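Following: one structure in C-alpha cells, then a few remarks.
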Amino acid sequence: LAKTTQPISMDSYEGQEVNITCSHNNIATNDYITWYQQFPSQGPRFIIQGYKTKVTNEVASLFIPADRKSSTLSLPRVSLSDTAVYYCLPGNNAGNMLTFGGGTRLMVKP
Amino acid sequence: EAGVAQSPRYKIIEKRQSVAFWCNPISGHATLYWYQQILGQGPKLLIQFQNNGVVDDSQLPKDRFSAERLKGVDSTLKIQPAKLEDSAVYLCASSPLQGYSGNTIYFGEGSWLTVV
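These protein sequence lines are chains A and B, in that order.
Going left to right, the first sequence walks through residues 7 to 116 as the numbering used here numbers them.
Going left to right, the second sequence walks through residues 1232 to 1347 as the numbering used here numbers them.
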C-alpha cells in the first residue's frame, strides 16, 4: 500500500493560490493519484485524478513529477468555501485497498 | 443522477447494543465500499464488495462487525455489540468498476454513530 504524507494543516487568504503537496514514496507503477475534498458532515468528494505530468480541470490542477513519488494539488484563487480537508489517495484497479491518510486541513481566511 | 443514499443519518445507542446501517449505491455501480471515519481522522476502509462478493475485508473487526450485499445492489453494515470506540461516521461509497484507474468513487453523506 502506498502510504501518504501531507501537511496536517494550511492557512490561506481569499484570492490566493494554494498548493498542497502529498508524498507517496512507494507508489506502485499502475497507481493513479486521486485527490478528494471533504467538508464537515459530508462524505469526501472527488476533485481531480492523474497518473503523471499535469492534469487540469475546472476546479484544480494536479502536478505529478516524473518519479511520481509526490503530487501537488493546486487550487487557484481560493475562496472561503474551499475551507475543507483535502486527501490524496494513490491506488489502482487491481483490487488493493484504498487507504486515506490524515489529509490536509485547509483554512481560508477573509 | 441520484447519489449514494445512506440511512439512518444519525444514531445514538448504548454500548453493547446493536445497530445497522443501510446503503444504496449509485445505480449500476458494481463496487461498494464501507468506510469508518473517526473524528479528526481520514476514512478507514472496512470492506469492499464487487457486485455481491467480498474483495477485501481485512480491516473489518469481524467479531462485532458484519456486512452483506446480497443482491449486488444495497448493502447493510451491522455492529453487534457496539463499543464506545465504534463512535464514528460510517461512509458508504460506490464506483462503476473495481478500483479507480479512471473511475471515481462516490461517497454518501455518512451515518453518524454515537455509542454512549
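A virtual CB, placed ideally from N, CA and C, is assigned to each residue, including glycine.
Remember, predicted model here, so these are calculated numbers, not experimental data.
On a CA-only basis, which of B:Ser1325, B:Ala1319 and B:Asp1294 is nearest B:Arg1300? Give me that one, please.
Looking up residue 1300 of chain B in the second sequence gives position 69. Comparing Cα-Cα distances from B:Arg1300 to each of B:Ser1325, B:Ala1319 and B:Asp1294, the minimum goes to B:Ser1325.
Delimiting residues of the beta strand (DSSP E) encompassing B:Lys1246:
In the second sequence, residue 1246 of chain B corresponds to position 15, counting from 1. First-last for B:Lys1246: undefined, no H or E at that position.
message: Alpha carbons only, please: which of B:Ser1289, B:Val1304, B:Ser1258 and B:Gln1267 is nearest the one belonging to B:Glu1316?
response: Walking along the second sequence from the start, residue 1316 of chain B turns up at place 85. B:Glu1316 has its Cα closest to that of B:Gln1267, out of B:Ser1289, B:Val1304, B:Ser1258 and B:Gln1267.
key: Residues within the region 48–73 of chain A neighbouring chain B, beta-carbon criterion of under 9 Å   = Gln48, Gly49, Pro50, Arg51, Phe52, Gln55 and Tyr57
For the structure I just gave you, are there three or more beta carbon pairs, one from the region 80–94 of chain A and one from the region 9–29 of chain A, closer than 8 Å? yes
Less than 6 Å between C-beta atoms, sequence neighbours within five positions excluded: which residues of the same chain meet that for B:Pro1256? Along the second sequence, one-based indexing puts residue 1256 of chain B at 25. Taken in chain order, the residues that qualify are Val1235, Leu1263 and Ser1325.
Does any residue of chain A have a CB that is nearer than 9 Å to the CB of B:Ala1324? For this step, residue 1324 of chain B is matched to residue 93 along the second sequence. So, interface residue.
Check A:Asp88 in the structure and name its three-state DSSP category.
-> Stepping through the first sequence from its first residue, residue 88 of chain A is reached at position 82. DSSP places A:Asp88 in helix when its eight states are reduced to three.
Report task. Express the C-alpha separation of A:Gln44 and B:Ala1313 in angstroms, rounding to a whole number. Result -> Here residue 1313 of chain B corresponds to residue number 82 of the second sequence, with the count starting at 1. Here residue 44 of chain A corresponds to residue number 38 of the first sequence, with the count starting at 1. Rounded to whole angstroms, B:Ala1313 and A:Gln44 show a C-alpha spacing of 26 Å.
| task | At 7 Å on the CB atoms, spell out the chain B contacts of A:Thr105, in chain order. | result | The residue labelled residue 105 of chain A in the question sits at position 99 within the first sequence. Within chain B, the residues near A:Thr105 are Leu1276.
Using a Cβ-Cβ distance under 9 Å, would A:Thr11 count as near chain B?
Counting from one through the first sequence, the residue named residue 11 of chain A turns up at place 5. With respect to chain B, the C-beta atom of A:Thr11 has no partner C-beta closer than 9 Å.
So, is the C-beta of B:Val1285 closer than 9 Å to a C-beta in chain A? Your numbering for residue 1285 of chain B matches position 54 in the second sequence. By this cut-off, B:Val1285 is not an interface position.
Notebook entry, point to check: Is B:Ser1238 close to chain A, meaning its C-beta is less than 9 Å from at least one C-beta of that chain?
Noted result: Here residue 1238 of chain B corresponds to residue number 7 of the second sequence, with the count starting at 1. Chain A places no beta carbon closer than 9 Å to that of B:Ser1238, leaving this residue out of the contacts.
message: Helix, strand or coil for A:Leu81? Go by DSSP, reduced to three states.
response: Walking along the first sequence from the start, residue 81 of chain A turns up at place 75. If DSSP states are grouped into helix, strand and coil, A:Leu81 belongs with the strands.
> Under three-state DSSP, which class holds B:Gly1234?
Replying inline: Here residue 1234 of chain B refers to the residue found at position 3 of the second sequence. It is coil, neither helix nor strand.
Q.
Please tell me whether A:Asp17 and A:Leu112 are closer than 9 Å, where the distance is taken between their beta carbons.
A. Looking up residue 17 of chain A in the first sequence gives position 11. Looking up residue 112 of chain A in the first sequence gives position 106. In contact: A:Asp17 and A:Leu112 (Cβ atoms closer than 9 Å).
Open item on the list: If you measure between the beta carbons of A:Pro50 and A:Phe106, is that distance less than 9 Å?
Closed with: Residue 50 of chain A sits at position 44 when you count from the first residue of the first sequence. Residue 106 of chain A sits at position 100 when you count from the first residue of the first sequence. A contact, by the Cβ cut-off of 9 Å.
Using a threshold of 9 Å, state whether the C-beta atoms of A:Thr40 and A:Gly97 are closer than that.
Numbered from 1 along the first sequence, position 34 holds the residue referred to as residue 40 of chain A. Numbered from 1 along the first sequence, position 91 holds the residue referred to as residue 97 of chain A. Cβ atoms of A:Thr40 and A:Gly97: closer than 9 Å.
Closest residue to A:Tyr92 among B:Ala1233, B:Gly1271, B:Ser1238 and B:Trp1265 (Cα-Cα distance): Stepping through the first sequence from its first residue, residue 92 of chain A is reached at position 86. Selected option, being the one with the closest Cα: B:Gly1271.
Continuous beta strand (DSSP E) stretch holding B:Ala1319: start and end:
The residue you call residue 1319 of chain B lines up with position 88 of the second sequence. Counting along the chain, the beta strand (DSSP E) containing B:Ala1319 begins and ends at Ala1319 to Ser1326.
**Asked** What are the start and end residues of the beta strand (DSSP E) that includes B:Val1286?
**Response** Here residue 1286 of chain B refers to the residue found at position 55 of the second sequence. Run containing B:Val1286: Gly1284 to Asp1287, per the beta strand (DSSP E) assignment.
- Could you check the C-alpha separation between B:Ser1306 and A:Pro116 for me, to the nearest Å? Mapped onto the second sequence, residue 1306 of chain B falls at position 75. Mapped onto the first sequence, residue 116 of chain A falls at position 110. If I take the Cα positions, the gap works out to 42 Å.
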